[in-house]
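Let me begin by presenting the structure, written as structure tokens, before commenting on it.
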Amino acid sequence: MKIKFPDGSIKEYEYGITPYQIAESISKGLAKEILVAKINNQMYDLNRPITNDCEIFLYKFKDKEGKSVYWHSTSHIMAQAVKRLFPNVKVAIGPAIENGFYYDFDTEKPFTDEDLMQIEAEMKKITFEGEPFIRKQVSKQEALDFFKDKNEYKVELIKELAEDEQITFYQSGEFIDLCLGPHLPDANMIKEIKLLHTSGAYWRGNEKNKMLHRIYGISFQSKKELENYLQKLEEAKKRDHRKIGKELGLFATYDQIGAGLVHWLPNGARIRDIIENFWKKEHYKAGYELIYTPHIGKGSLWQTSGHLDFYKESMYPPLNIEGEDYYLKPMNCPFHIAIYNSELHSYRDLPIKYAELGTVYRYELSGVLHGLMRVRGFTQDDAHLICTPEQLQDEIIKLLDFSLYMLKSFGFDKYEFFLSTKPEKSIGKPLDWEKATETLKVALEVRGFQYNIDEGGGAFYGPKIDIYIKDALDRSWQCTTIQFDFNLASRFNMTYIGEDGKEHRPYMVHRALLGSLERFFGMLIEHYAGNFPIWLAAQQVQIIPISEHYISYAKEICNRLSNENIRVKIDTRSEKLGYKIRDAETKKIPYMLIVGEKEKANNTVSVRRHLKGDLGSFCVSDFISIVKKEIENKK
RNA sequence: GCUGAUGUAGCUCAACGGUAGAGCAGCUGAUUUGUAAUCAGCAGGUUGGGGGUUCGAUUCCCUCCAUCAGCUCCA
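End of the first sequence = 635 in my numbering, gap-free, step of one.
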């Protein structure tokens with residue numbers, strides 16, 4: 001048999017050789033590390049004989065494929081442990097996920113933390129027993145017979161498989177499960193296991209189905225890796241915007257006012273003001289007109305826009321005013337279109353770009369609300385771009401550039417692009433959808449951006465490009481969305497007068513760059529862990545007089561900085577220096593200026609940088625220019 | 001919305017079927033300080049809201065609200 005390796009080399013092997021033996025023939029080290037193989041695009045267990053000429057890939061834990069198998073096998077071990085401890089529990093499905101694995105169980109009483117500890121201990125026992133994972137091929141009938149009367153979930157899964165499909169069972173010890181595989185050679189390869197938490201999950205994600213109990217966990221090959229992972233979780237917890245938001249007085253929600261309704265506290269509001277000012281300035285520069293529109297509008301408006309047909313479940317019930325229904329706006333588009341339609345437009349006026357920091361209200365299920373990330377009222381940095389067909393492609397490319405410029409300004413420089421296509425529930429002609437999708441695609445390709453396609457993930461009114469950013473912990477967040485919209489233009493009968501003197505239909509693109517100010521702020525907080533760059537910091541400088549004798553000198557400095565538009569305060573409390581420094585550090589104020597006898601005599605300040613410490617003494621004008629430069633560079 | 005957990009002072013947390021306690025923050029006073037916590041005193045709570053059981057509830061039960069981990073969905 002000829003076997004081709006990833007480097008292109010081809011070697012001859014005996015019929016029936018296993019991937020493990022092949023790895024062994026290359027090196028003992030490799031054999032020790034590999035977890036799974038891909039044979040002609042099919043994932044193979046390491047001990048599954050190869051019976052054809054093929055191309056082979058071998059995967060280790062560091063590979064996505066390796067991790068996935070490792071975690072999937074761990075989920076089987078978990079199911080096995082659960083079956084040992086709770087024999088009446090039925091197992092449903094248990095895949096590997098991005099970070100670890102889960103398994104869903106049908107059980108009367110949910111798992112407690114003590115149960116998790118017990119299960120974890122049992123899993124350790126199973127890994128010590130080290131039984132091999134054995135792959136068994138069965139017919140559909142055999143499979144059905146096996147699970148009949150035992151487990152309706154497996155029966156349901158099997159029934160959906162094609163008649164002639166190869167069905168496989170995997171057995172480890174006494175535990176047999178329907179499973180496509182592949183798996184690790186044996187349970188002993190799983191070294192470190194941690195069960196993380198439990199939750200409810202509907203069978204097949206459908207709320208009409210029975211609620212199952214899910215256990216999440218993760219496993220690694222070494223204690224160190226597990227510790228690193230847990231540490232990363234800790235780090236994420238420390239950066240949680242909800243925690244930092246409370247500590248720094250950035251934002252709050254209140255029970256008595258309502259869930260998901262955000263209050264921007266003075267420090268957070270100051271940062272928002274800075275973001276908004278920057279945003280407005282850049283939008284004017286980029287040729288946008290800023291507008292403001294109302295928060296409610298008549299039902300007929302939302303009927304025309306299609307929102308009442310396609311978006312009603314996210315809208316609040318109407319307010320009845322003088323016999324007329326008014327709805328809180330879930331989007332800004334109809335208002336922007338009304339402004340456009342209020343006068344006649346020549347092709348010479350286009351493109352028209354209306355931008356608005358528009359506050360919208362959407363009904364979100366109470367269970368999904370989350371800090372600033374998922375709320376019920378939020379402000380989109382919205383804009384609608386209305387242009388001729390000729391301008392379209394160019395405008396989309398400009399938009400991509402503008403988006404990235406904005407994101408970069410806030411310190412985000414890693415992106416992922418998603419192109420979302422026509423969903424099932426949609427309005428508009430298929431041909432329009434095709435054209436729109438193509439325009440977005442071309443824009444991405446012109447800029448050379450790699451992108452993923454989210455099939456059926458578009459909005460009901462058009463295809464879209466979403467940009468996800470990666471933060472300091474490498475987590476992805478959805479930010480920019482650029483959404484095509486052929487439908488509203490025709491629903492509201494938008495037109496412009498062309499060169500030919502006739503009416504034409506313009507194209508419309510709906511976009512939000514930061515997404516929503518609330519979510520974006522949440523991302524900023526977590527990205528910077530609350531240590532905002534100086535241009536964003538609510539307070540930039542804290543002046544700390546060493547004792548009351550230096551307050552007047554401190555005030556002098558404070559005035560000079562204030563006059564330069566630097567956000568500065570003085571700590572006049574009669575506390576020791578260390579106390580005031582600690583306080584300023586805790587508040588994450590970028591610069592502390594310590595002033596005492598020495599500074600007063602020499603007309604200087606002692607500069608301490610947040611998280612960095614003492615930088616030595618500077619004359620005030622030098623300090624001002626350093627700070628101004630830093631603000632200018634958005635560092 | 002659903003499953004499970006949680007809700008005690010501004011914050012972090014403790015305690016209990018017999019009307020709640022600490023640290024930090026706050027206030028007052030003393031101190032006048034050199035790069036991450038000076039000392040002392042004071043004040044601070046309808047134990048998330050409502051209802052029930054009980055001689056007595058903050059504790060047990062019900063219900064509502066909110067939060068957390070998920071399911072589902074999205075900016």
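Using N, Cα and C, we set each Cβ at its ideal position, and we do this for glycine too. Values in this document were obtained by computation on a predicted structure and should not be read as measured data.
Separation of residue j from residue i, as counted between CA atoms
i, j, result
"L319", "K329", "12 angstroms"
"Q137", "G66", "23 angstroms"
"I10", "S25", "14 angstroms"
"W302", "E322", "18 angstroms"
"R376", "P317", "14 angstroms"
"N52", "M1", "6 angstroms"
"N99", "E165", "30 angstroms"
"K4", "N41", "12 angstroms"
"E120", "I215", "11 angstroms"
"H263", "K150", "53 angstroms"
"G616", "N603", "14 angstroms"
"P95", "F101", "6 angstroms"
"W535", "E630", "7 angstroms"
"Y451", "E416", "7 angstroms"
"A236", "C479", "19 angstroms"
"S574", "E548", "7 angstroms"
"P334", "M315", "15 angstroms"
"W276", "K441", "The sequence given here has Glu at residue 276, not Trp. One C-alpha to the other measures close to 30 angstroms."
"K154", "F486", "45 angstroms"
"F147", "S305", "51 angstroms"
"M211", "A31", "42 angstroms"
"R582", "S606", "16 angstroms"
"E247", "T253", "14 angstroms"
"A37", "K208", "39 angstroms"
"E156", "A143", "11 angstroms"
"E364", "V509", "25 angstroms"
Which listed residue (the options) has its alpha carbon closest to that of residue i
i, options, result
"D713", "A236, L419 and E174", "Because the chain here runs from 1 to 635, residue 713 falls outside it and cannot be looked at."
"G16", "Q42, L212, I10 and I50", "I50"
"I566", "E98, L196 and S621", "S621"
"F460", "L473, E434, P423 and N493", "P423"
"A259", "L369, Y327 and N151", "L369"
"A474", "N332, E324 and R239", "Before going further, note that residue 474 is Asp rather than Ala in the sequence given. Nearest of N332, E324 and R239 to D474, Cα basis: R239."
"F169", "E160, P182 and A472", "P182"
"I93", "L196, I134, Q21 and H213", "H213"
"T112", "T198, V69, Y70 and N228", "T198"
"K502", "L344, H307, G8 and A81", "L344"
"I291", "Y347, M78, F278 and D381", "D381"
"S346", "C387, A286 and R362", "C387"
"E188", "A201, I167, E163 and S222", "One point to set straight first is that residue 188 is Asn, not Glu, in the sequence displayed. When only C-alpha atoms are compared, the closest one is S222."
Residue i and residue j closer than 9 angstroms at C-beta
i, j, result
"P132", "D186", "yes"
"D106", "K90", "yes"
"G217", "T74", "yes"
"F521", "R272", "yes"
"A355", "Y288", "yes"
"A554", "I570", "yes"
"L230", "K194", "yes"
"F484", "Y507", "yes"
"I34", "E55", "no"
"G245", "I594", "no"
Exposed unless 16 or more other CB atoms sit within 10 angstroms - verdict on residue i
i, result
"M117", "exposed"
"A489", "buried"
"G458", "buried"
"C619", "exposed"
"N332", "buried"
"Y44", "buried"
"P430", "exposed"
"P294", "exposed"
"D115", "buried"
"S219", "buried"
"H72", "buried"
"L180", "exposed"
"V360", "buried"
"D401", "exposed"
"V446", "exposed"
Rounded distance between the beta-carbons of residue j and residue i, thought under 8 angstroms
i, j, result
"I396", "I482", "7 angstroms"
"I589", "Q542", "5 angstroms"
"L250", "L261", "Not confirmed; about 16 angstroms, so no contact."
"A383", "R204", "No, A383 and R204 are not in contact; Cβ-Cβ is about 39 angstroms, not under 8 angstroms."
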